[in-house]
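Here the structure comes first, spelled out in structure tokens, and everything after it is commentary.
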Amino acid sequence: MKRFVTPIAACVAATLLTACGSQGVQPNKAITANDVVVNYSDIAHAIYTDSLTTAQSLKVAVDAFIANPTEATLANARQAWIDSRVPYQQSEVYRFGNAIVDDWEGKVNAWPLDEGLIDYVATDYGTDSDVNPLYTANVVASTSLTIAGQAVDTSNITPSLLEELHEADEVEANVATGYHAIEFLLWGQDLNGTNPGAGERPATDYDVNNCTGGNCDRRAAYLVAATDLLITDLEEMAANWGANGEARQAILDQGDKQGLATILTGMGSLAYGELGGERTKLGLMLHDPEEEHDCFSDNTHYSHFYDAKGIQNVYLGEYQRVDGSWVKGASLSALVSAQDSILDAEMKGKLENTQEAGQAMVDAAKVGQTFDVLIAMGNQAGNQLVQDFVDSLVAETRTTEEIIRLLELEDITLEGSDSLDNPSAVF
Amino acid sequence: MKTLLTLPLTFVSLTLPLLTSANTLNDQSPWSDTFNGINKELIIPNYDAFAQSALDLSTGIQSFCQQADENTLVQTQALFKANLSDWQQVQWLNFGPVTLFMRYYSFEYWPDKKGLTQRQLTSLIKNDVDTQDDKFWRSASIAVRGLTAIEALLYRPQFDPINKPEYCDLLVQVGEHHQQSTANILLEWQNGQLEDWMYLDEDESGNLITLSLEKMIQQWLEHISMVKESKIETPIGWHGKTNVKLAEFYRSEQSLVAIKENIKLYNALYHAGSKSLYDMAKLKEPALAEQLDQSLKQALVKVNALPSHFYSASLAKDERINMATPVIKQLSKSQNELLSLVTKMGFQIGFNSRDGD
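Chains as they are written, first to last, in the working numbering: chain X, 54 to 480; chain R, 84 to 440.
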């Protein structure tokens, strides 16, 4: 059974799933692993399609800003970027386990980045790095660069040039493309350290008639090219999860057990190693704003919240689209419940706990305690709020492991994290 | 390296000293003598040495800062290297007291791909942070503690502790905190309870000693991967671009020394105690036990054959890879044999060794 959920058809499809015949999962029919994998693929398609449409909205806002660079149009572009993160972050649970996504993901959401590759930076940023010869290359200000001994013509800033510069010289921190490159171009560096406040790039950085920061035309060209490229990349991934898409086919071809293993690999790896460890716990250990995922915009609370939401979506087999409609279908939850309803209830509870812990960070951000402030040295209450989020992610991963055992899935490797080896002992 | 997820286990009501006695519950474990031997003859003496050289280093730093010149700097750097060498003897074990208060990660923050140590140390001085306050060290970033920070302050030209007393004062504070941490860990190893570090899940059965030893063996296996991949392969460009600055403690030129110390430790670990892992293996799997013993010895021979300038910029990539290949292969062989041996001896190790080395 394959279903194809388009934005327009989503509400209709959701109704069909619960109400009628052969296209949906009937309440009285036992849910199969294949049903779950198909619904998982449908949700992926919806999420990446939403990511694409919100990126297209971002492009509209960027174009309007470039045409008329004012603080108001800049604010609109920033808001469009924040909106675009809502669906995209919910897609991250698909990254681990699906090789097609993981191989592609670096183009759109690579982090952390050495922003000096892209544009001007403050003196505190420093001038050199042990690992990155392009630490302060400043593409916006340079019409040519030398990369690994080769001259590269950067006079025209185009999507293909940015692709060439991405991870230049085999350095991962040379992030030339994707959400975070665009974020930097919209906000600039956050120079507030662990104090409240995000990047404060002025709109005049794009005003060719009243240019601040120099090279306003090239900065605008960079922003446009990066946004265009983001759209192209998201088109590719949305298509990969479409009716005959490669990613959908790949997971369906794996067979039932391996398909479920892929789903659980994504859930556990994102919750534990990536989100709980690399993006959150490490921030607490280093107390450094560089450890903030959305470090220019201070939008990390929402990025983390929606990352966790994505895990919950996959377990519950549902996703609320940006237009408010729902994609719902056969869920891992139902499959688990059929064998062990107590374990299913436990998992739902753990996922909800994580949502509450994520919401607490969102609430804190609304009163100025953004993630970089929360992880500051000496902010005990803030640190604890972040630690609660980590703890809830660890707890849900423990239950994920129990589900893996229940379903008798083998050879699952969840991403680990050094910073989480003994989290309860740290504070 | 992808590691299998290991979550902290929950508590059961067992109370065992780290160094267990004959009449305690650990007698139920066939591994109690081996576990005690490793503790008594390897871990505690190595932490003792680490704490002692950290004290020497801290004292040396204080003397240096009272009369900072090139001579005293060189003397202090020598003390740093001695302490670093002792760290390499305990680095394999992220278990026990070192897991508390982020101390394992505080001894060494590496690789520092974003230059956080440099930036955060600079920031401490720029913002006039009171590093003499105990409260600071209770929550300080791991990037400004321990050997990583001390190396940066002693070797990075920008900090120049001879001519910049503010950085020398900071060095004194980092050194004192480092020394206190090592002394505390030693004390806790000597007097702590095993239950402080190891727990059984509510639905889990097993012997705490056996499980502890199992965890130690797992960490040994993972450390071999760390030596192969992070300490050797990555900086020399085994899978990509060469960047010797990614080597461990490259500023103090201790990268190769560190690896030699690690492999020396592997040999000692295998033979630690009156009923060592080697002794126990000889009883059950004599051929494999001997094979591993030879492999570990060979690993030491091969790493000792690397030239002292192995990590210097003057070597070509291919040349360096050719030199490293016998070491990498020998370490992989040792790792595979160790995994095979301990599995046959009944340990359940959740470890995936990498293919293709």
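For each residue, glycine too, the CB sits at the ideal point set by N, CA and C. Treat the numbers as computed from the prediction; the structure is a model and nothing was measured.
| Query | Result |
| --- | --- |
| Partners in chain R for GLU223 of chain X, counting only beta-carbon separations shorter than 8 Å | GLY323 and LYS324 |
| Reduced DSSP category for LYS123 of chain R - H, G, I as helix; E, B as strand; rest coil | helix |
| Rounded C-alpha distance that separates TRP240 of chain X from ALA279 of chain X | 15 Å |
| Cross-chain neighbours of PRO165 of chain X in chain R, by beta carbon under 8 Å | LYS197 |
| Short CB-CB distance (under 8 Å) between LEU398 of chain R and chain X | no |
| From R:GLU234, R:ASN177 and R:LEU383, residue whose alpha carbon lies closest to that of ILE300 of chain R | R:ASN177 |
| Endpoints, the alpha helix (DSSP H) within which GLN143 of chain X is located | 124-144 |
| Sequence-distant residues of its chain with Cβ nearer than 6 Å to THR211 of chain X (five each side left out) | ALA278 |
| ARG138 of chain X to TRP157 of chain X span [Cα, whole Å] | 17 Å |
| PHE237 of chain X beta carbon less than 8 Å from that of ASP172 of chain X | yes |
| C-alpha gap between GLU368 of chain R and LYS298 of chain R, whole angstroms | 21 Å |
| Within-8 Å CB hit, VAL89 of chain X to chain R | no |
| Sequence-distant residues of the same chain with beta carbon closer than 8 Å to ILE432 of chain R, five excluded per side | GLU297, ILE300, GLN301, LEU304, LEU422, VAL425 and THR426 |
| Residues that DSSP places opposite GLN373 of chain X in a beta bridge | X:TRP379 |
| Cβ separation of ALA324 of chain X and GLU449 of chain X, assumed to be a contact under 8 Å, to the nearest whole Å | 6 Å |
| 7 Å Cβ shell around ASP152 of chain R - same chain, five flanking residues per side excluded | ILE245 |
| As assigned by DSSP and simplified to three states, the class of VAL205 of chain X | strand |
| When R:GLN172, R:GLU402, R:GLN160 and R:LEU379 are compared against ILE127 of chain R, the one with the closest alpha-carbon | R:GLN172 |
| Option in X:ASP243, X:GLY169 and X:PHE149 with minimal Cα separation from SER322 of chain X | X:PHE149 |
| SER222 of chain R at chain X interface by Cβ criterion, 8 Å | yes |
| GLU288 of chain X beta carbon less than 8 Å from that of LEU105 of chain X | yes |
| Length at least 4, wholly inside the stretch 168-245 of chain X: the alpha helix (DSSP H) runs in chain order | 212-218 and 232-240 |
| Contact set for GLY421 of chain X: own chain, Cβ-Cβ below 6 Å, skip 5 residues either direction | PRO249 |
| Against chain X: residues of the stretch 236-250 of chain R by CB proximity under 7 Å | none |
| Assigned secondary structure, GLN422 of chain X (DSSP; H/G/I helix, E/B strand, else coil) | coil |
| Residues bridged to GLN408 of chain X [DSSP beta-bridge criterion] | According to DSSP, which records beta bridges pairwise, GLN408 of chain X is partnered with nothing at all. |
| Close-in-space but distant-in-sequence residues of the same chain around ALA194 of chain X (CB under 8 Å, 5 per side omitted) | ASP172, TYR173, GLY267, ASN268 and ARG271 |
| Per-residue DSSP class, three states only, for GLN377 of chain R | helix |
| CA-to-CA distance, TYR349 of chain R to GLN413 of chain R, given in whole angstroms | 13 Å |
| Nearest-angstrom Cβ-Cβ length linking VAL255 of chain R and VAL227 of chain R, presumed shorter than 8 Å | Actually they are not in contact, since the Cβ atoms of VAL255 of chain R and VAL227 of chain R sit about 13 Å apart, beyond 8 Å. |
| Within 8 Å of chain R by C-beta, residues of the stretch 333-351 of chain X in sequence order | MET338, LEU339, HIS340, ASP341 and GLU343 |
| Classification of VAL78 of chain X by the beta-carbon crowding that lies within 10 angstroms, buried from 16 upward | Unreliable placement is indicated for VAL78 of chain X, whose pLDDT of 41 sits below 50; no coordinate value is reported for it. |
| C-alpha distance - GLN158 of chain R paired with ALA133 of chain X, whole-angstrom precision | 58 Å |
| Those runs of the alpha helix (DSSP H) which lie wholly inside the stretch 271-313 of chain R and span at least 4 residues | 291-309 |
| With 16 other Cβ atoms within 10 Å as the buried cut-off, status of LEU366 of chain R | exposed |
| Validate contact between the stretch 226-234 of chain X and the stretch 158-170 of chain X using beta carbons, cut 8 Å, 3 pairs | yes |
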